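Under the working numbering, the first residue of the sequence shown is numbered 33, with each subsequent residue one higher. C-beta atoms are modelled at their ideal positions from N, C-alpha and C, and glycine is treated no differently. In this text the structure is predicted, and so the values were computed from the model without any measurement. The next block holds one structure in the form of structure tokens; read it before the comments.
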Amino acid sequence: MDGIGKNIQIAIHDPDSLAFKRAVDFYPESGQLEVSAITVDTVNRSVWMASWVGEESGRYLHEYDLDSGKYKCKVHLQPVQQWIQGIFAHKGNLYLTADDGTADEKEHDHLYRVELSVKNNEARVVLERYP
């Protein structure tokens with residue numbers, strides 16, 4: 033298996049009943065080959081996705097408009113995070129988890145905050161620290 037997804041769609045469900053509302057077709061021209069993480073940003077009305085496989089793995093986040101389903105943009109992450117395994121939108125901010133620890137050496141994975149720059153389609157990735 034190559035890990036590349038086929039016929040990828042974003043399924044939109046009602047948040048209260050979880051009833052299926054509609055599907056949004058994947059935008060193959062984005063260069064994204066599969067989905068390793070997905071989140072809904074209700075503040076900015078966006079769906080964000082990350083990818084694990086391919087040349088672009090961890091380099092970009094992909095944004096879709098939650099209301100229209102249209103592909104909005106590809107945001108370049110700097111520095112690049114390998115093996116993104118989770119993404120979460122909270123109060124208009126994005127957070128990533130990456131499979132970047134070594135379990136055999138008791139190293140934990142990390143949580144990162146994403147600082148988006150709308151005008152440049154870039155995002156600064158910052159290690160999130162707790163007091």
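Range covered by the beta strand (DSSP E) that runs through residue i
{"i": "ILE44", "result": "41-45"}
{"i": "VAL146", "result": "142-149"}
{"i": "ASP99", "result": "Segment: none, ASP99 is in no beta strand (DSSP E) and carries neither H nor E."}
{"i": "SER78", "result": "78-82"}
{"i": "PHE58", "result": "Premise fails: PHE58 is in no beta strand (DSSP E) and is neither H nor E."}
{"i": "ILE116", "result": "116-122"}
Three-state class that DSSP yields for residue i in the structure shown
{"i": "ASP73", "result": "strand"}
{"i": "GLU154", "result": "strand"}
{"i": "GLU160", "result": "coil"}
{"i": "ALA51", "result": "coil"}
{"i": "ASP131", "result": "coil"}
Neighbourhood of residue i by C-beta distance below 6 Å, restricted to the same chain and skipping five residues each side
{"i": "ILE44", "result": "LYS53, ARG54"}
{"i": "ILE42", "result": "VAL56, VAL79"}
Neighbourhood of residue i by C-beta distance below 7 Å, restricted to the same chain and skipping five residues each side
{"i": "SER62", "result": "HIS94, TYR103, LYS106"}
{"i": "ASN76", "result": "GLY124"}
{"i": "VAL112", "result": "GLY90, ARG91"}
{"i": "VAL225", "result": "Here the chain covers residues 33 to 163 and nothing more, so residue 225 does not appear."}
Same chain only: Cβ atoms within 8 Å of residue i, ignoring 5 sequence neighbours per side
{"i": "PRO163", "result": "Caution is warranted here: a pLDDT of 45 is assigned to PRO163, below 50, making its placement in the model unreliable, and the coordinate value is therefore given only provisionally. Within the same chain, PRO163 has no close Cβ partners at all."}
{"i": "TRP84", "result": "GLY35, GLU66, SER68, GLY90, TRP115, ILE116, GLN117"}
Min CB distance residue i to chain D below 9 Å
{"i": "ALA155", "result": "Going by chain labels, chain D is absent from the structure shown, which holds only one protein chain."}
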